[in-house]
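Structure first, commentary second.
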Amino acid sequence: MSGVSGYLPLRYVLADTLVVRTSFDPLRIDSEHVIGGRAQRGMLAAVLRRAGLEREERAWVADGGRVRFAAAHPRLEPGADPDLPGLDRARTAYPPPAYLYTLGKNSETMADVFADPDPSVPYRAVRDPVTLDRSLRARVRTTTERYLGRARTGDPGRGVPFFTTALDSGQVFEARWQLLADDAAGLEELAGRIAQVLDSARGALTLGSGGTRAHGGVRVAPVEPDAPVAADRADPAGRRSWAAGEPVDVLLLSPALVVGEYGAYAPAALVGEVLALVGRHLPGAGIRVAASHVESTVVGSYHRGYHGPMAQRRAAAPGAVVRLVLDRDLSAATARAMEAEPLGDRAVDGHGQFVLLDPPPPGPLPPAPETAPLVGRPPGAVVLPDGGTVPEYGPLDWEDPGLAALYDELLWNAAAGPVRDHARMLARRSARRLEPLTPSLVGRLREAITHPHQDADAALDALAGVVAGERAGGGAPKTLHDRAVRALTRARVVPPGSPPVPVRDWLSGVGGGGVAAAWWEANRPRPAHSPAYSSAIAAVDLSLPHGLVPRGDPAGLSERARAWERRTAARLCLALVSSWLTETARVLRARDTAHTRGGRR
């Protein structure tokens, strides 16, 4: 090992979706929420090869004596989540420690089960990445897709279905590559040279597989361009030295390929590997293992150079913890020297990396709120979906008629689809309660709103009049007979989260003017049952600079979107009712077909 060691913190902004390793199980699908060190190693190798820097490629990538890569973990930045305005600085979320569990089945309060487990309390392991100070959890956004690809074996002329999971674009991650040099000046020079190479390849950097399907685009830059080298393996959370007799946790940040007593990879050998490491740095020290928990995982990869998969090996899973108690002081310099020596094999790929930290305080820990690792919005800037930022324009002139017309059109185009989807869901949900209705009766109701009317208010008034039994003129559908009225009274609509409502009462309550606004407020898509509606509006709402659903309103809308709803209530009601009638007719026809499938009765 070279004379000194340091770390180059790099900030990754996903400009495209990034394919990650996914394991399929009959009961669940597990996807990685980190970017492996080997993928980053391949990214740098591709950059150096395109630039013709063969000497750097051999020294930095092939030999492994100058650069050790590291897994990239979710980075939580200030300004990224409007619900966390108090976030003062960026924090990185790492694999959850094995001792961290939530109390109860649905509770978010956490506890250290190593310290004081209670057999009478049900515990559930924390699975989300968590910051080292246990103050935040990361909610990494992923998308699973299915596509047709060419099989490596078999008939090359046939497409084979594949499933893949990708990290969504616009998210931020942080990796700390370990740099090795003869002195501090050499570290600074190496870090500056790597940053220069990455900057020269801006716009051409890709990570992971699936590049032919527009995956893997990423922007990479040092976290601190003016001071690129950091002294610690991870952003320190608390002290870096411990007195004799104080417990200290060894938290594994990446898989560790450790060899057991029989010469094979054995995850359970991690405890012995940790004891040997501490013994090398503190010869003669008394070491006691207070607690430990190590789980097993499979480590494998695909080698692009040799065009084939690498052998899979059993490794200690990230999040493994070994709690130690030493009989002598552990200084910050010794702690940093220990962290600079990874555990096990394939250190150049980022395996075996760990961090020393304080155990949690005794007793229940406060709930750690979740936040997505999105790009923080700098003051005076707007974040794009790919994580980029553009300058924010000045305040909008809402009195401008052209802007008002554009705003109304944007919101209507975004809301129309989710409103119709909500109506179809409502009809399918109420299918069993709609049996008294017939396709012909629903068709009579549809005629009332499809008949040429002046506007949406007139169409709703006509429908309410027909349902209420009023005579209609001008060619509009006539009033319903008593049998049809009884059928509408017996049929039920089942709104989500509400008791069933007679169809006649439900439809007769709709109408034009202020009645439409009240009816829409009572029957609108709620975020708890139809979140697509508020999400679609927030994405195009010009009054929301972040494009995220505001949580201060029960409906998930801004004040201007609420005012737009009141102005457009009749049109929204008409879209919901007409789609509900159309889907109800389809459900009833399918029911009649099923009843008569055996022949005429």
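Just so we're aligned, residue 167 is where the sequence shown starts under the working numbering, counting upward by one. For every residue, glycine included, the Cβ atom is placed at its ideal position computed from N, Cα and C.
According to the DSSP secondary-structure assignment, Thr537 is paired through a beta bridge with Ala304. In this structure Tyr173 touches Ala396 by the C-beta definition: roughly 5 Å separates them, less than 8 Å. Note on Arg489: 16 or more other CB atoms within 10 angstroms of its CB, so buried under the neighbour-count rule. Contact between the stretch 242–261 and the stretch 207–223 is absent: fewer than three C-beta pairs spanning the two stretches fall below 8 Å.
Comparing alpha carbon positions, the residue from Thr310, Pro295, Arg257 closest to Arg187 is Thr310. The residue among Gly426, Pro525, Val743 with its C-alpha nearest the C-alpha of Gly678 is Val743.
According to the DSSP assignment, Glu340 belongs to no alpha helix (DSSP H) but to the beta strand (DSSP E) extending over 338–347.
Rounded to the nearest whole angstrom, the C-alpha separation of Ala256 and Asp398 is 16 Å.
Between Leu531 and Leu250, the alpha-carbon positions lie close to 19 Å from each other. Collapsing the DSSP output to three states places Arg656 in a helix. The shortest C-alpha to C-alpha distance from Gly450 to any of Ala435, Arg494, Ala357, Gly466 is the one to Arg494.
Partner residues in the beta bridge of Arg454, as assigned by DSSP, are Val491.
Leu509 sits away from Val384, with the two beta carbons spaced by 8 Å or more.
Ala403 and Arg726 have their alpha carbons spaced roughly 42 Å apart.
The count of Cβ pairs closer than 8 Å, one atom from the stretch 608–628 and one from the stretch 585–597, stays below three, leaving the stretches out of contact. Cβ neighbours of Thr500 within its own chain (closer than 6 Å, five residues either side excluded): His447.
No Cβ-Cβ contact shorter than 8 Å links Pro535 with Asp278. If you look at His588, you'll find it in the alpha helix (DSSP H) that goes 567–595. Between Ser301 and the set Val753, Ser709, Ala259, Arg307, the nearest pair of CA atoms involves Ala259. Beta-bridge annotation (DSSP): Pro388 is paired with Leu176. Per DSSP, Ser497 lies in no alpha helix (DSSP H) segment and is marked neither H nor E.
In this structure, Leu269 places its C-beta atom within 8 Å of the C-beta atom of Thr275.
Secondary structure at Val292: coil, using DSSP grouped into helix, strand and coil. Here Gly252 is exposed, its C-beta having fewer than 16 other C-beta atoms within 10 Å. Collapsing the DSSP output to three states places Glu220 in a helix. By a beta-carbon distance limit of 8 Å, Pro175 contacts Val389. Their separation comes to about 4 Å. About 5 Å separates the beta carbon of Val659 from that of Val667, a gap short enough to meet the 8 Å contact definition.
Within the model, the alpha-carbon separation for Trp564 versus Ala570 is close to 6 Å.
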